[in-house]
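J.:
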């Protein structure tokens, strides 16, 4: 009898296990279906907005057959602004010209996440903003800048279907200055990556070569502006996110001091970090446009809307000064060896500045190894990546982030063991892995904040000892091949350092990669001779003809001084045509 009973129990147990297996499978399947539907809806929404925008452009063309929209696109921001003010161009014609061009660029590069059809309604009372410095200027904004009624997705499913209840402060100020935000642009999943791809909207490619990344995280902005679909845009930067896409796509951009421009109403997957600071800044085709944008944003309206922003208006006198400058410079930061094109761009720019009467002084950023590993990497991953990874739980992980996410997801004890094993052979990689495990306690975090403060003052002291006005340094480039950014955090030493220092820094394109630069990759060994240099060479191979920039740095709150050096570099490169072959 007991044998029969036992057989029954076994059958019941097997049946229960099968049922449990089936229900787990069903739950998983349901979740996947839900995710698919969510993604589908988001993409359909974007398609609908693109369709509405196309209809609006067609309607405008039918109503105004005589208006030549394409000639509007040839004007610089300064000229465009002048014509709108003078009345020879109407804001509605300008908006439709850029909307049409943005749609065309988007088809080729996939750079938009939402067309702000509200912009068409904004035209109705645009006359009341005639005094605004950006009156009638269409502006593109990065996906994570809140715009009422639209999602700020940051490329993650957790932030879908959660439209902003009001405009971010910068968007409000742009509108008050007469600008018309008309499109939101694409970003990487979670924003902490410099390739521009996410599971919702897909990948944005580089306008100079569609087989290359456009950079990130303000990648959609870089691509759209360089492609001619926008004349002025806003991005955000916590480790190079404004500068990298600008450099990869061949445009100009400025990362200001944190909170020189209000960061209220910016969406992020990792709010609360205090070691590496993020900033909002302008991106455009020339330095003059960046200066005009800064002047427009640094107005009483912004200081009223966000009283935590220091009320410092734009200092035109500093920006326009012609006094010779004392300029610090370095070519190799001793952490990541620059690519041949980066080095050439730096040396040639230095030479042009010297010929123009400026004094150039060698400068070494202090303790870069410690600064990068302990302040940049551990600073951004103080929680071991946990906050960011929360946003990745729902739905797929983008291929460009697979490597990065699998590393961050390792348990802390494993990261420490791997770091120990690597230390004797690959000290730099060991330090990186160790830093990615984050801080271990609040006391540890306070210690890190103190170290960051000390590091800033140490840099300032060195800057003062050399009596520098500004600094010239390499900018990461050229644009990578796909799916390498997640494997290469080392090259960010050139950009992310200035988020820890909180110095304003801008990028100006100065040249393009030559055959000789490409050929010299054969001799590239990296500063540490570890395997990552091979990965870097593979990432940048095939870059002939791609733009290369330099970075211009100034002390905190001296954006005008930074822009002044940028303008000087831009002017000298434009004169020196043989060097400056960028489109």
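In my numbering, the protein residues as written are 9 to 591.
A virtual CB, placed ideally from N, CA and C, is assigned to each residue, including glycine.
Tell me which residue opens and which closes the beta strand (DSSP E) that residue 74 is part of.
T.: It is not in any beta strand (DSSP E) - residue 74 carries neither H nor E in the DSSP assignment.
J.: What is the residue span of the beta strand (DSSP E) that residue 400 lies within?
T.: Looking at the DSSP string, residue 400 is not in any beta strand (DSSP E), and its letter there is neither H nor E.
J.: Since I believe residue 131 is in contact with residue 99 (beta carbons under 8 Å), could you give me their beta-carbon distance rounded to a whole number of angstroms?
T.: 6 Å
J.: With distances taken from CA atoms, which of 386, 425, 498 and 558 is nearest residue 667?
T.: The displayed coordinates of the chain run from 9 to 591. Any statement about residue 667 would go beyond what the structure contains.
J.: Between residue 250 and chain B, is there a C-beta pair that is closer than 8 Å?
T.: Chain labels in this structure do not include chain B; a single protein chain is all it has.
J.: Since residue 367 is in the beta strand (DSSP E), which residue starts that stretch and which ends it?
T.: Run containing residue 367: 367-370, per the beta strand (DSSP E) assignment.
J.: Is the separation between the beta-carbon of residue 556 and that of residue 516 shorter than 8 Å?
T.: no
J.: Would the beta-carbon of residue 344 fall within 8 Å of that of residue 486?
T.: no
J.: Just to confirm the assignment, what range does the beta strand (DSSP E) spanning residue 561 have?
T.: That run of the beta strand (DSSP E) goes 555-561.
J.: Figure out for me which residue from 266, 231 and 367 has the closest Cα to the Cα of residue 573.
T.: 367
J.: Along the chain, where does the beta strand (DSSP E) that runs through residue 190 open and close?
T.: 188-193
J.: Excluding five sequence neighbours on each side, which residues of the same chain lie with their C-beta closer than 7 Å to the C-beta of residue 548?
T.: Cβ neighbours of residue 548 beyond the five flanking positions: 347, 486 and 488.
J.: I need the DSSP call for residue 579, collapsed to helix, strand or coil.
T.: helix
J.: Just the Cα atoms here: how many angstroms apart are residue 590 and residue 216?
T.: For residue 590, the predicted structure reports a pLDDT of 45, less than 50, and the residue's modelled location is therefore unreliable. The matter cannot be settled from this model.
J.: What is the DSSP secondary structure of residue 203, reduced to helix, strand or coil?
T.: coil
J.: Between which two residues does the alpha helix (DSSP H) holding residue 306 run?
T.: Judged by DSSP secondary structure, residue 306 falls outside any alpha helix (DSSP H); it is assigned neither H nor E.
J.: Assign residue 462 to one of two classes, buried (16 or more other C-beta atoms within 10 Å of its C-beta) or exposed (fewer than that).
T.: exposed
J.: Which residues does DSSP list as the beta-bridge partners of residue 148?
T.: Beta-bridge partners assigned by DSSP to residue 148: 191 and 241.
J.: Can you give, in chain order, each stretch of the alpha helix (DSSP H) that sits fully within the stretch 210-240 and has at least 4 residues?
T.: Runs of the alpha helix (DSSP H) inside the stretch 210-240: 227-234.
J.: Out of curiosity, what's the CA-to-CA distance linking residue 493 and residue 150?
T.: 20 Å
J.: Looking at C-alpha atoms only, which residue of 571, 179, 477 and 514 is the closest neighbour of residue 334?
T.: The shortest C-alpha separation from residue 334 is found at 477.
J.: For residue 121, name the three-state secondary structure that DSSP assigns.
T.: Three-state DSSP puts residue 121 in a strand.
J.: Between 80, 447, 256 and 300, which has its C-alpha nearest residue 212's C-alpha?
T.: 256
J.: Can you have a look at residue 26 and say buried or exposed, based on whether 16 or more other CB atoms are within 10 angstroms of its CB?
T.: exposed
J.: Who are residue 291's beta bridge partners in DSSP?
T.: 241 and 261
J.: Report, in whole angstroms, the separation of the C-beta atoms of residue 599 and residue 289, which I expect to be a contact under 8 Å.
T.: The displayed coordinates of the chain run from 9 to 591. Any statement about residue 599 would go beyond what the structure contains.
J.: I'd like to check one pair, residue 196 with residue 147: are the Cβ atoms closer than 8 Å?
T.: No, the pair does not count as a contact, with Cβ atoms beyond the cut-off.
J.: Quick one: grab the DSSP three-state call for residue 488.
T.: coil
J.: Which ranges would you report for the alpha helix (DSSP H) in the stretch 501-550 if only whole runs of at least 4 residues count?
T.: 501-509, 523-528 and 540-548
J.: Return yes when the Cβ of residue 241 is within less than 8 Å of the Cβ of residue 232, no when it is not.
T.: yes
J.: Whole-angstrom Cβ separation of residue 439 and residue 283, contact assumed at under 8 Å?
T.: Wrong, their Cβ atoms sit about 16 Å apart, outside the cutoff.
J.: Mind checking residue 575: buried by the 16 CB within 10 Å criterion, or exposed?
T.: buried
J.: Which partner residues of residue 337 appear in the DSSP bridge assignment?
T.: 370 and 480
J.: Can you name, in chain order, every residue of its own chain whose Cβ lies under 8 Å from the Cβ of residue 268, other than the five neighbours on each side?
T.: 287, 306, 317, 318, 320, 512, 565 and 567
J.: I'd like to confirm the pairing. Which residues does DSSP put opposite residue 266 in its beta bridges?
T.: 269
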